[in-house]
Amino acid sequence: MIVTTADLYKIAYGKFAIGAYNINNIEQTMGLFRGCIDSEGPFIIQLSKGARKYTDKRMLEATIRTAEEIFPEAIFAVHLDHGDEETCYDCIDSGFYSSVMIDASHESLEENIAITKRVVDRAHAKGLSVEAELGMLGGVEEDIQVDEKHACLTDPKEAVEFVRRTGCDALAAAIGTSHGAYKFKGQQSLHFHVIEDIQKAIPGTPIVMHGSSSVPIAEVEGINAAGGKLDPSARGVNEEEYLPAARLGVTKVNIDTDGRLVWTRVHREYFRDHPEQFDFRPPGKIFMDEYAKFIAHKNKKLGSAGQLAVVRDALK
Ligand code: G3H
Ligand code: 13P
Ligand code: ZN
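FYI, in the numbering used here the residues of the sequence shown are 6 to 321.
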């Protein structure tokens, strides 16, 4: 059942985080739904601009609708990840999405506020909620690359003004993470003091953590042992920090890279071990199983596992 993102936020805020998982194809979709059913977790499916262009946005919509029929117990929202203004309007007008993200964080504060406000007005008129970004994460987002020296943490005082003037429903805040596999050099923690200050500044507004993949060393090593050449110093967010962050208002946790690592490791290992094979279905099957296990594991770490009944009751 597709629900509003706002409903999921209301139930989860301050208690647990909802995993927001990017999908691009059928195999990911099957693994995602199965993993969320197995772990009894509500979730958010997110589609990036790149994902909408990869095959055809209608292909993804139909895939999600079909998964909804195959897994009638699933409770989830559908979200546009890192939208520009034009893509936000396309999603708002489609009638399919629960929420959109407008990402104008690379603009000046005034321009970011103006663009976000326009999107909020259009989205609210149709009952969708809006996530907006303030501050700048490092790493690569779609076609925009932000180097570390230009990345900046969200200023809690600016967050108050931003939320008040835009009316956005959730705030994607820069709290020490970055997109992709190369987040940190060595072990690094989330900036909990910044999260705390943001929560105090905008109590009740869900905080969204982008760049939340944990980049497990075992996945990186598995990929490299099967012919990959990832930098073995790649590090991500410590999964044990998801729940403490959730208790401070981090309600949506975006995970994409970790799923790509699972895909790459499974396919590289399969074709390394079966060099005579060219049928993509056997590794595809392995991937769906492994992806379902991966999602169930993430939901446990986020605290969303086991919450499906609570969500179902709250929505009655
Ligand atoms: O933050 C970006 C997400 O990981 C989506 O990546 O734009 O390559 O689909 P993508
Ligand atoms: P990762 O690259 O850490 O998976 O982050 C994904 C993300 O933030 C999508 O919006
Ligand atoms: Zn992101």
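Cβ atoms here follow ideal geometry from the backbone N, Cα and C, with glycine treated the same way.
Check	Outcome
Beta-bridge pairing of residue 81 - partner residues as DSSP gives them	7 and 48
Alpha-carbon spacing of residue 194 relative to residue 101, whole angstroms	37 Å
Unbroken alpha helix (DSSP H) run spanning residue 315, endpoints	313-320
When 164, 89, 59 and 33 are compared against residue 211, the one with the closest alpha-carbon	164
Inter-residue Cα distance where the pair is residue 315 and residue 257	17 Å
Identity of the residue in 264, 240 and 299 nearest residue 41 by Cα	299
heavy atom of the ligand ZN below 6 Å from residue 117 C-beta	no
Cutoff 7 Å; reference residue 273; Cβ partners in own chain excluding five residues on either side	228, 231, 232 and 233
contact_flag[the stretch 243-257, the stretch 276-284] where n(CB pairs < 8 Å) is 3 or more	no
Complete runs of the beta strand (DSSP E) confined to the stretch 191-270 [at least 3 residues]	212-214 and 255-260
Within 7 Å, strictly: CB atoms of residue 235 and residue 225	yes
Whole-angstrom distance between residue 108 and residue 87, CA atom to CA atom	5 Å
Three-pair Cβ contact test at 8 Å for the stretch 30-46 versus the stretch 75-85	yes
Length of the line joining the Cα atoms of residue 115 and residue 11	26 Å
CB of residue 216 within 7 Å of CB of residue 269, strictly	no
Residues bridged to residue 178 [DSSP beta-bridge criterion]	139
Residue 243 CB to nearest heavy atom of the ligand 13P below 6 Å	no
Per-residue DSSP class, three states only, for residue 31	helix
Residue 86 - DSSP class collapsed to helix/strand/coil	strand
Straight-line Cα distance separating residue 99 from residue 307	30 Å
Environment of residue 167 [buried if 16+ CB atoms lie within 10 Å]	buried
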